[in-house]
Amino acid sequence: MKEKRTDYPGKQMYDLAAQLFPICRSITGNGVRQTLAILKLRLPGMRITEVPSGTKVFDWEVPREWNISEGYIENSSGERVIDFQENNLHIMGYSVPVDVYVTLEELKRHIYTEPSQPDVIPYLTSYYKENFGFCMSENQKNSLPEDTYHMVIKSQLTEGSLTYGELVIPGEREEEIFFSTYVCHPSMANNECSGPALAAQLAEWLLERSERRYTYRFVWIPETIGSITYLSRHWKERKSRVIAGFNLSCVGDNDHYSMVETRYGDTLADRVLKNALRHHGKEFTVYPFLKRGSDERQYNAPGVDLPVVSFCRTKYGEFPQYHTSADNMDYVSPEGFQGSFEVMTKVVCALEHNWNYQVKVLCEPQLGKRGLYPTISRKGQYDKIYAITTFIAYADGKNDLIAISDRIGCPVDMLIDIAEKLKENGLIAAVEER
Amino acid sequence: MKEKRTDYPGKQMYDLAAQLFPICRSITGNGVRQTLAILKLRLPGMRITEVPSGTKVFDWEVPREWNISEGYIENSSGERVIDFQENNLHIMGYSVPVDVYVTLEELKRHIYTEPSQPDVIPYLTSYYKENFGFCMSENQKNSLPEDTYHMVIKSQLTEGSLTYGELVIPGEREEEIFFSTYVCHPSMANNECSGPALAAQLAEWLLERSERRYTYRFVWIPETIGSITYLSRHWKERKSRVIAGFNLSCVGDNDHYSMVETRYGDTLADRVLKNALRHHGKEFTVYPFLKRGSDERQYNAPGVDLPVVSFCRTKYGEFPQYHTSADNMDYVSPEGFQGSFEVMTKVVCALEHNWNYQVKVLCEPQLGKRGLYPTISRKGQYDKIYAITTFIAYADGKNDLIAISDRIGCPVDMLIDIAEKLKENGLIAAVEER
Amino acid sequence: MKEKRTDYPGKQMYDLAAQLFPICRSITGNGVRQTLAILKLRLPGMRITEVPSGTKVFDWEVPREWNISEGYIENSSGERVIDFQENNLHIMGYSVPVDVYVTLEELKRHIYTEPSQPDVIPYLTSYYKENFGFCMSENQKNSLPEDTYHMVIKSQLTEGSLTYGELVIPGEREEEIFFSTYVCHPSMANNECSGPALAAQLAEWLLERSERRYTYRFVWIPETIGSITYLSRHWKERKSRVIAGFNLSCVGDNDHYSMVETRYGDTLADRVLKNALRHHGKEFTVYPFLKRGSDERQYNAPGVDLPVVSFCRTKYGEFPQYHTSADNMDYVSPEGFQGSFEVMTKVVCALEHNWNYQVKVLCEPQLGKRGLYPTISRKGQYDKIYAITTFIAYADGKNDLIAISDRIGCPVDMLIDIAEKLKENGLIAAVEER
């Protein structure tokens, strides 16, 4: 059995994240392409799109493409103080090339640390202003002796393109469930090798289903500029089709769960994810849109108005390892991934079965004659069939399954089973809603 | 004065309940007929209806009629261990006939007890599956010696009918206030000799009123199958006329008050009963529809949609005596009945006077010149006329009397007096609402 | 600098209130005229209106005009026990003339005190019933020896008129912001020399503004009969124009802040004043309309329906000095007035800038290229631009500035600055709302 266990979804996602981890990604460049290539091996249907530098995307412009081959600081003895090969966080993202000898004082002007966490390398970028920088731990910076240092960054900022991947899994309806995650962070595990891995696993799981009521669409994109670029090309179609969307980020740790609501917190995506978390048995936090910070910002922008929530284990920015070298493969775990996968598959199941039901008889149906009710009535026994009778009591065509679950406190998966039994018995019918 | 006191409504209801108590009722049969006959002596206008066994009533069918003449267990010495004549709870409701000699072991397979309350006889029925059973205390069961026992039940399950009583007290309008209670429980006092007694008392009290804005309709029916049967014949008319309804059950104990809301808890019936309880000065509990369990289930079923709440003292299922022999005439009291009567008469008064009022002058009327306001204004004195001025402030045609009471915190009966005075002075007028 | 400080608004209002304090006002008479004359010196645009005694005003009638020249009690030695010249609260408002010699016992029947505060003279009136009375401290009353006393009141109740002042400060729009305060109380400082002084200061401040989106209307009127008289002549026009109104009363003490809501607590006036108080940094209490007591009663009467809240520091009736001689110029302070002025100017600024804004680009605008965003992104830095990005996130045309402030927790004045910057950058536009 142990061998089998290594194949469970949480482990598969962990392994995929581990494969993505070493790649040096940024919002453009070959790191993104390598990442998408690995994902496409698992999901051959993925379509990869390149959008040229300089393309106008709403208020923005696709930036020049950044690639880097080397980056280090060498002391006068030729020893490398830090080296991009060891940890790609050592070089500030989008650093321009440099090759100069400097004093310690001058060097320090280009070193960035996180003084409150003296052991970790912070993650920094300078996408939209020409700059360069080296990142290291506060402790290492403080231990540097007076010397002449050689600062070297071999990078190119060139006309190129921004790259993203997209996968569509068709269903009976054109209405879509949308998943978005990003592929622009260098070697950090939870933020963000975890989101792409969860998205891939969910896509595989959906492809295996024989029936899908909805179409499912996944995008793996660079954060912010990627979602803006994607939306600039597809927002009208998404707006007309997406009924619920989920931005996946920081889904690999095994702490509690979190979500960030949509702008007004009242969409189907908000309702279904809250419901799933409520019944998942672990603590969770619902952050209002005021606490947003990932691509839900773009999807919920006024005029775009897509019903997209963010789903996280511990929310981005809320764990100390966030945006540092401590967000490594030890911080995430197969169990953490597994929990996220279970929540999101419950969300999908709930959406697939989220009909408004209408009971087809007046007054309570006689459950006893259909074997759905104990035949000897006695004190205390009613509790056992609470879910079934209460479900029927609210099957008045006005409530979808999620609303009934929220009202009566039974998990949606239990209600799906009940609805199935009642349908077989001709007692309820799905009403075409929405 | 003491003699007079024996005639107060609480005592009259208690006495009527005591008269109903010994009768062996079930969902059909002569016990129901005897019960209705006693009630009809008090309310000659009551119409008694018989619905034949086998009649289709929505998803159900009127069952065969059950009557019982004898039921006992005899030991080998010819001594009766239990006897239906002593307590009709000893025989499971709807037991089929039996006449066999059995060992103690075999006997015990047919004995039902409530182990958590070892002194009481539990109340059990098996309406919809052929079965028989004997009920006794756990203690008695445990004290039975090895012996040969004679199990005897002389009952008949025959084509007959289901019986219910109905009384209509006409008012100025066809719109109805509806009361329902049930007559299908054997010798238990609170659940349910109390509901029929309260309904009878309310009906007498209404018949004595010279003016009735609304029509009042009372039904005394078997629980579940009775309300389903009744609705199968009358639901369309009820749906078009009933503006508020009250299911009366467990109204004779003297503990706190309770109610069970309608499906969404927002009807006139919910509002008026909550308001009355709020101002009645005793603790009360509002149970959501999730905690339903009596005939409010049928009246609120999707498609039936009657605005019917349940009114109780301690709610069915919430007192330990419930559905046992301990629910006897000691558990209920004249004081308990009296409290229920007072709440329900307040409810009726509130409904009769529940107009939307509109003030007929702009700005505050001058109360002083009409003797409605103290003429020397000084610090602290305003409180005394708070109710009258605040009533006027919300007499904008948008609020009914109950809404104003809820908003300003004055009991409806005080507002009825105020409204009367203001109407006499030409300061307000009732607006035709709803 | 100290000299300059004496000119700050709080000090100016305090000085004006001190000038108004000694005048003996009532709901009619020369005291009101003197008060308005002083205010008109500051606000020459004020129009003074006289409404003759006997004029029908809705359910009321303008009373006869009351003036008083002398009022005292003299003992048999010719010493004045109390004298109107010393404190005009000694004579009950609207006292008819009297000139009789009485015993102590008889005298006491005409003396009013506040036994719970034995040191203060209470304020009493008898506007609508012919009466006379003397007010003194409980202690003084108890110290009066047996004697023959001379009760003298030289007053006239004559056909005259009720007087009020009105000032209109035009703006771009006919829609009005309305301020009301009253000028009918004799020598009490907070209630009510403070309201007229704050109204005058606000009017001066508004006159100095070069641009006004709205028209501003101020009335200085006698309480109750004055607002009724005013409304009887102008309510239709006010109802068609006033979008928010503020009744100013008890605004000179330096304790916490209060407001009384409109009838349903949901108008623009409610929203803007709550918002301003929320961000003013001091404790405040929002009283529901149930706790009303000043002219908000008339403005909010059914059918009149003006959106007028009351603004106070400590609410009328809630401070022990209320309606006694202890409400003197020591109870109010320049600091107290200054706080009220600051709240009300914030209210005006918020209303003037209360547009619905719509962002003009899809997705988040690129703030960096406009110098509105730090260019190096790193952990923790996002907070600094929280207000600007969150403002944009809710600039969807559905929320006015006050609603956004309420939602995101930033004060309106900060949002006004942000909106200005974003407008300059072409990123948002005001939507014509309401």
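In order, the protein sequences belong to chains A, B and C.
Be aware that the first sequence starts at 1, since it is given in my numbering, and climbs by one per residue.
Be aware that the second sequence starts at 1001, since it is given in my numbering, and climbs by one per residue.
Be aware that the third sequence starts at 2001, since it is given in my numbering, and climbs by one per residue.
For each residue, glycine too, the CB sits at the ideal point set by N, CA and C.
Taking all protein chains in view, the Cβ of B:V1260 is crowded by 16 or more other Cβ atoms within 10 Å, so the residue is classified as buried. Close partners of A:K369 in chain B (Cβ separation under 8 Å): Y1128. With contacts defined as CB atoms closer than 8 Å, A:Q358 and A:G10 fail to qualify as a contacting pair. For C:R2241, the enclosing alpha helix (DSSP H) covers residues I2225 to R2241. Residue state for C:A2244 is assigned as strand, using DSSP reduced to three classes. Using a Cβ-Cβ cut-off of 8 Å, C:D2400 does not count as an interface residue toward chain A, since no Cβ of chain A sits closer than that to its own. DSSP, read as helix, strand or coil, puts C:M2344 in helix. For A:I121, the three-state secondary structure derived from DSSP is coil. Around B:L1290, the beta-carbon contacts reaching into chain A at under 9 Å are Y386, T390, A393, R407, I408 and G409.
Counting along the chain, no alpha helix (DSSP H) covers A:M259; the unbroken beta strand (DSSP E) around it starts and ends at Y257 to V260. Below the 7 Å Cβ cutoff, chain C contributes V2361, L2362 and C2363 as neighbours of A:F58, in chain order. Within the same chain, Cβ atoms closer than 8 Å to the Cβ of A:I392 are found at V359, E364, P365, L422, L427 and I428, the five residues on either side in sequence being excluded. The straight-line gap separating the alpha-carbon atoms of B:L1268 and B:I1243 is approximately 7 Å. Looking at the backbone, the Cα of B:D1147 and that of B:S1076 are separated by about 7 Å. When C:T2389, C:T2035 and C:E2176 are compared, the shortest CA-CA separation from C:G2165 is found for C:T2035.
For B:I1082, no Cβ of chain A is located within less than 8 Å of the residue's own Cβ. In terms of CA proximity to C:K2040, C:P2196 leads the group C:P2196, C:L2089 and C:C2184. In its chain, beyond the 5 residues on either side, V260 have a beta carbon closer than 6 Å to the beta carbon of A:R292. Under DSSP, B:C1135 takes part in a beta bridge, and its partners are B:Y1112. Identification of chain A residues near B:G1303 by a Cβ-Cβ cut-off of 8 Å yields V359, L362 and D396, ordered along the chain. By the criterion of a C-beta distance shorter than 7 Å, B:D1327 is surrounded in its chain by M1188, A1189, N1190, N1191 and Q1321, once the five residues flanking it on both sides are discounted. In this structure, C:S2258 lies away from C:K2346, with their beta-carbon atoms at least 8 Å apart.
Under the Cβ distance rule, C:I2068 does not count among the residues neighbouring chain B, no pair being separated by less than 8 Å. DSSP, reduced to helix, strand and coil, places A:T158 within a strand of the structure shown. C:E2420 and C:A2350 have their C-alpha atoms spaced approximately 13 Å apart.
Assignment of beta-bridge partners to C:C2349 by DSSP yields no partner. Under the three-state reduction of DSSP, B:F1319 is assigned to coil, being neither helix nor strand.
Listed along chain C, no residue sits closer than 8 Å to A:L162 by beta-carbon distance, the nearest being about 14 Å off. Annotation note: the stretch 38-120 of chain A contains the following uninterrupted beta strand (DSSP E) runs of length 3 or greater, listed N- to C-terminal: 47-52, 65-74, 80-83 and 98-103. Contact between the stretch 1106-1113 of chain B and the stretch 1295-1306 of chain B is absent: fewer than three C-beta pairs spanning the two stretches fall below 8 Å.
B:N1190 sits in coil when the DSSP states are folded into three classes, being neither helix nor strand.
Taking 8 Å as the cut-off, the beta carbon of A:Y182 is found closer than this to the beta carbon of A:P222. DSSP, read as helix, strand or coil, puts B:R1217 in strand. Chain C places no beta carbon closer than 8 Å to that of A:L306, leaving this residue out of the contacts. C:H2279 and C:P2411 have their C-alpha atoms roughly 6 Å apart.
For chain A, none of the residues of the stretch 2332-2357 of chain C brings a beta carbon within less than 9 Å of one of its beta carbons.
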